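Remarks on the structure that follows.
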Amino acid sequence: MSSLLDLLTNQLGGNAVEQIAGRIGADQNTTSKALSTALPLLLTALSRNAANPQGAQSLHTALAKDHSGGILDDVMGFVGGATSSANGAGILKHVLGGQRPTVEQGIAQASGLNSNSVGQLLELAAPLLMGALGRTTQQEGLDANGLAQFLGGQQQAVQSQTPDLLGMLGGLIDQNRDGNVLDDVTHIASKFFGGKQ
685 MSSLLDLLTN QLGGNAVEQI AGRIGADQNT TSKALSTALP LLLTALSRNA ANPQGAQSLH
745 TALAKDHSGG ILDDVMGFVG GATSSANGAG ILKHVLGGQR PTVEQGIAQA SGLNSNSVGQ
805 LLELAAPLLM GALGRTTQQE GLDANGLAQF LGGQQQAVQS QTPDLLGMLG GLIDQNRDGN
865 VLDDVTHIAS KFFGGKQ
């Protein structure tokens, strides 16, 4: 199975990143840098949420109901849409819970974006990631258990390519950190977005 991050990287070409940057009021390079941290972090959070049967079933149900992957066919339309942020906020509430402010602060310190812009970025990135995951779930015919295994495999794939990334991102999700490690996280994660940095 293909990597979710690779799938999203292919969809988030320069034009899409430029439009996201305009939406959040930032330049394209800084936006790309923030995305390269945000997407692996959200993927890690999704995998952790699906690590138990109840979480996996809830995620599988949400994907089947609301995230078929069609969003990837019109990324530009989604980014420019009026409801994109509202949908993203709901996803982030489930994925990050009370850790959202901590995550936003960490990404802000790493990327140079302000926390408000990071919040908007996450609200755009979360539905895109869910769309990619939903498309993969449909194409591969995954049930809840298969989805959990797939996400676990995605974590392992990230870790095998960038051994330090998962622990750093996991630490950010687990507890408050001072944000300093995110300079390294951004450097490591940028390997997924090589041409866009």
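The sequence shown begins at 685 in this note's numbering and counts up one residue at a time.
Note that the Cβ used here is the ideal one computed from N, Cα and C, for glycine as well.
Keep in mind the model is a prediction, meaning the values are calculated, not measured.
DSSP three-state assignment for residue i, whether helix, strand or coil
i: Asn733; result: helix
i: Gly709; result: coil
i: Ser687; result: coil
i: Gly827; result: Position check: residue 827 holds Asp in this sequence, whereas Gly was assumed. It is coil, neither helix nor strand.
i: Gly697; result: coil
i: Leu751; result: The residue asked about is misnamed: residue 751 is His in this sequence, not Leu. The answer is coil: DSSP assigns His751 none of H, G, I, E or B.
i: Leu692; result: helix
i: Leu780; result: coil
Run of the alpha helix (DSSP H) containing residue i, from where it starts to where it stops
i: Gly818; result: Ser799 to Glu824
i: Ile791; result: Arg784 to Ser795
i: Gly761; result: Val759 to Val763
Outcome for residue i when other beta-carbon atoms lying within 10 angstroms are tallied against a minimum of 16
i: Gln840; result: exposed
i: Ala748; result: exposed
Neighbourhood of residue i by C-beta, 8 Å cutoff - its chain only, sequence neighbours within 5 removed
i: Thr714; result: Ala705, Ser795, Gly796 and Leu797
i: Leu813; result: Leu688, Leu692, Leu723, Leu726, Leu727 and Leu730
Spatial neighbours of residue i in its chain, beta-carbon cut-off 7 Å, leaving aside the 5 residues before and after
i: Gly709; result: Ser801
i: Gln738; result: none
Residues near residue i in its chain [Cβ-Cβ closer than 6 Å; skip 5 each side]
i: Arg784; result: Leu776
Point to revise | Three-pair Cβ contact test at 8 Å for the stretch 717-725 versus the stretch 819-826 | key: No: the two stretches stay apart, fewer than three of their Cβ pairs being nearer than 8 Å.
Check your understanding: Using 8 Å as the threshold, is the stretch 685-701 in touch with the stretch 722-734, meaning 3 or more CB pairs across them?
Key -> Yes: the two stretches touch, three or more of their Cβ pairs being nearer than 8 Å.
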